[in-house]
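Structure record follows, encoded as structure tokens.
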Amino acid sequence: MLDLYDKIEEAVTAIKAKWDKTPHAGIILGTGLGGLVEKIEVDVAIDYEEIPNFPRSTAISHAGRLVCGTLEGLPVMAMEGRFHMYEGYPLKQITLPVRVMKAMGAELLVVSNACGGLNPYYKNGHIMVIEDQINLMGDNPLIGINDDRLGPRFPDMCEPYDQKLVDRALEIARGENIEASKGVFVAVAGPNLETRAEYRFLRTIGADVVGMSTVPEVIVAVHCGMRVVGFSIVTDMCLPDALEPADVSKIIATANAAEPSLCTLVTGVLAAERNDS
Amino acid sequence: MDAIREKMLEALAHVRRRFDGEVRVGIILGTGLGGLAEYIDREAVIDYRDIPNFPHSTALSHRGQLVFGTLAGVPVVAMQGRCHLYEGYSSADVGMPVLLMNEMGAKGLIVSNASGGMNPKHRSGDILVIEDHINLMWDTSLEPLAGLRRLRCNETTVVPYDRGLIEIALSVARRENFAAHRGVYVSVSGPTYETRAEYRLFRKIGGDVVGMSTIPEVVVGASCGMRIMALSMITNIARPDAPEKVDAEDVVEIAARSEPNLRKIVMAALEELSQ
């Protein structure tokens with residue numbers, strides 16, 4: 008279990024050989040949301056295969072490289088392509104890149120995902136700033152002997168997403184006339200989409216959107232003491248009484264259409280970070 | 062059942078070399094409650110690490126030894142320190158020692174734990190007498206347990222927790238004038254504490270407290286037909302609308318303060334189980 012520390016060091020060494028800046032933020036981009044990378048002044052893009060201990064993404068529309076450069080004047084590391092539990096990866100491996108970001112010096116994690124909307128007030132393309140999360144993946148990346156060098160045995164989860172950043176993101180959205188709201192993200196393992204009964208259940212237990220990612224990365228970011236801001240893009244509405252079959256190509260098209268708004272929010276948050284520092 | 066039983070028999074052969082006396086009741090001491098073991102007139106103490114297949118604990122404030130002796134005149138075996146799923150063990154690993162206790166003659170099982178309260182009527186330091194549980198540990202390692210069929214079918218043990226022992230626990234609390242409640246324990250794997258959204262979820266589905274232990278041991282004990290009492294020390298009250306950080310050290314301290322109350326209930330339960 009304690010070999011995780013060494014694995015992180017190996018990955019950090021490989022990245023530092025190609026990029027020697029200290030990132031302010033790590034960014035993980037979700038399905039159909041990789042376009043933010045075009046806004047980055049890229050110093051170097053490293054294929055996941057070239058980084059020791061990094062898994063490889065098999066999901067549709069996920070590239071597989073770590074983009075290092077500058078965004079809004081701040082050094083950032085962005086994962087173009089992420090890993091999912093439904094691909095069969097253990098959560099410890101899925102979340103290794105977050106630990107690598109932290110070990111490189113990042114203090115902020117920005118996550119995005121495409122999700123199903125449960126809150127009937129949402130619609131396709133709606134942006135939800137993640138306010139809180141529910142873990143229904145049936146697993147936790149921190150199970151096993153705890154390495155106290157990486158974080159505490161029992162991380163507190165009363166504020167996994169930085170509330171100041173939630174407010175800041177919403178303020179930026181209002182200023183840019185982007186429809187956004189805050190809400191609760193529930194994560195399931197997938198890969199099947201939910202039944203109507205499951206959508207009713209998830210709504211009943213307090214979730215606004217459902218997805219198959221993000222929660223493991225956020226748990227690990229909290230464990231290692233990073234601030235987190237998260238964005239969910241509603242790519243299909245899951246209204247159990249009028250449910251239509253999901254179409255992956257439509258989902259990706261919706262994500263692509265909402266992407267500019269997401270870019271505006273992420274760059275806005277980073278610009279405010281730069282002004283803070 | 063076979064795999065867990067084989068592991069148990071291997072452990073038992075070793076334990077019997079160190080202690081081969083009578084055992085009536087098994088006791089599992091949770092976070093901050095290990096002090097009860099000091100009241101046992103000890104006949105043998107075995108480190109978990111010396112017992113083959115025995116899970117050994119890495120958790121804060123958990124020692125890891127099996128204590129044989131008498132408590133209030135009753136022959137007992139106590140687990141001082143327990144293991145958890147968040148340490149990487151399966152429910153079958155964690156439940157195996159209960160099978161061993163039963164094999165050595167224990168017909169009663171007393172389990173304690175520390176938990177986070179979600180019922181707004183409860184206070185930290187109160188004791189929850191577990192009346193029923195909800196298993197959200199997402200672990201299927203105990204599903205092959207053949208005895209579970211008996212648990213499901215036996216009309217008198219639809220619920221794993223012994224009703225007579227629940228009544229005794231509550232009457233002790235009235236007599237001694239401390240707060241104890243009947244309620245439902247939700248177990249999760251951890252090790253993360255719950256988010257506010259998760260607390261609301263667990264409360265909504267019927268939980269009074271949430272913790273990271275107990276259910277594996279209780280499921281194994283129930284499948285053996287043991288009479289079970291489980292007590293939960295409520296060490297903090299989660300208020301999702303006014304969240305505070307949970308500090309593991311605070312949890313241990315509050316548990317230590319309420320320990321005398323728990324001990325009084327255990328003594329009364331032992332008297333009942335010895336008859």
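First to last, the sequence lines map onto chains A and B.
Counting in our numbering, the first sequence tops out at residue 284, every number present.
Counting in our numbering, the second sequence tops out at residue 336, every number present.
Even for Gly, the Cβ is constructed at its ideal location relative to N, Cα and C.
Every value quoted in this text rests on a predicted model; they were computed, and no experiment measured them.
Asked	Found
Quick check on Val-49(A): does DSSP put it in helix, strand or coil?	strand
For Arg-318(B) and Leu-200(A), what's the separation of their Cα atoms in angstroms?	48 angstroms
Under a three-way DSSP split, which group does Gln-336(B) fall into?	coil
Within the chosen definition, does the region 252–260 of chain A reach the region 223–239 of chain A through at least 3 CB pairs nearer than 8 angstroms?	no
Just tell me which of Ser-293(B), Asn-180(B) and Glu-104(B) has its CA closest to the CA of Ala-230(B).	Ser-293(B)
With DSSP collapsed to three states, give me the class of His-183(B).	coil
Since I believe Val-193(A) is in contact with Ala-6(A) (beta carbons under 8 angstroms), could you give me their beta-carbon distance rounded to a whole number of angstroms?	Because chain A spans 8 through 284 in this model, residue 6(A) falls outside it and cannot be assessed.
So for Cys-75(A), helix, strand or coil by DSSP?	strand
I want to verify the contact list: residues of chain B whose CB lies under 7 angstroms from the CB of Met-164(A), in sequence order.	Thr-253, Tyr-254, Glu-255 and Thr-256
Can a CB atom of chain A be found closer than 7 angstroms to the CB of Gly-149(B)?	yes
Which residues in the same chain have their Cβ closer than 8 angstroms to the Cβ of Arg-207(A), if we skip the five residues on either side of it in sequence?	Pro-247
Which residues mark the beginning and the end of the beta strand (DSSP E) in which Thr-211(A) is found?	Here Thr-211(A) belongs to no beta strand (DSSP E); instead the alpha helix (DSSP H) covers 203–211.
Going along the chain, which residues of the region 160–188 of chain A sit with their C-beta nearer than 8 angstroms to a C-beta in chain B?	Arg-160, Phe-161, Pro-162, Asp-163, Met-164, Cys-165, Glu-166 and Pro-167
Under the DSSP definition of a beta bridge, which residues are partnered with Glu-87(A)?	Leu-36(A) and Arg-72(A)
Short of 7 angstroms in beta carbon distance, which residues of its chain neighbour Tyr-147(B), apart from the five on each side in sequence? Order them along the chain.	Ser-250, Gly-251, Pro-252 and Met-273
Answer yes or no: do Pro-104(A) and Pro-223(A) have a C-beta to C-beta separation smaller than 7 angstroms?	no
Report the rounded CA-to-CA distance for Pro-19(A) versus Val-107(A), giving the unit in angstroms.	What sits at residue 19(A) in the sequence shown is Val, not Pro. Cα to Cα, Val-19(A) sits roughly 6 angstroms from Val-107(A).
At 9 angstroms on the CB atoms, spell out the chain B contacts of Asn-120(A), in chain order.	None at all; the shortest Cβ gap to chain B is about 16 angstroms.
CA-CA distance, Glu-228(B) and Ala-291(B)?	12 angstroms
Could you spell out where the beta strand (DSSP E) holding Val-137(B) opens and where it closes?	135–141
Below 8 angstroms, how does it come out for the region 25–41 of chain A and the region 76–89 of chain A: are there three or more Cβ pairs, yes or no?	yes
At the 7 angstroms Cβ level, is Gln-100(A) part of the contact set with chain B, yes or no?	no
Quick one, which of Thr-274(A), Pro-30(A), Val-195(A) and Met-219(A) has its alpha-carbon nearest Glu-183(A)'s?	Thr-274(A)
Using a Cβ-Cβ cut-off of less than 8 angstroms, list which residues of the region 145–158 of chain A approach chain B; keep chain order.	Gly-145, Asp-146, Asn-147, Leu-149, Ile-150, Gly-151, Ile-152 and Asn-153
On the DSSP letters alone, give me the boundaries of the alpha helix (DSSP H) that Asn-282(A) sits inside.	255–283
Which stretch, first to last residue, makes up the alpha helix (DSSP H) that contains Ile-229(B)?	224–237
What three-state label does DSSP hand Asn-142(A) in the structure shown?	strand
Checking the sheet assignment: what are the DSSP bridge partners for Val-235(A)?	Leu-116(A)
How many angstroms separate the CA atom of Gly-286(B) from the CA atom of Asp-163(A)?	37 angstroms
Nearest-angstrom Cα distance between Ile-276(B) and Gly-169(B)?	16 angstroms
Taking 7 angstroms as the CB-CB cut-off, is Asp-10(A) touching chain B?	no
Use the C-beta contact count for Lys-182(B): other C-beta atoms within 10 angstroms, 16 or more gives buried, fewer gives exposed.	exposed
Listed in chain order, which residues of the region 164–183 of chain B have Cβ atoms closer than 8 angstroms to some Cβ of chain A?	none
Between the alpha carbons of Arg-211(B) and Pro-159(A), how many angstroms are there, rounded?	Summary for Arg-211(B): the model assigns pLDDT 48, below 50, so the residue's position carries little reliability; its value from the coordinates is reported in the next sentence. For Arg-211(B) and Pro-159(A), the distance between alpha carbons rounds to 41 angstroms.
Find the residues of chain B that neighbour Gly-213(A), judging by a C-beta separation of less than 8 angstroms, and give them in chain order.	Ala-258, Arg-261, Leu-262 and Lys-265
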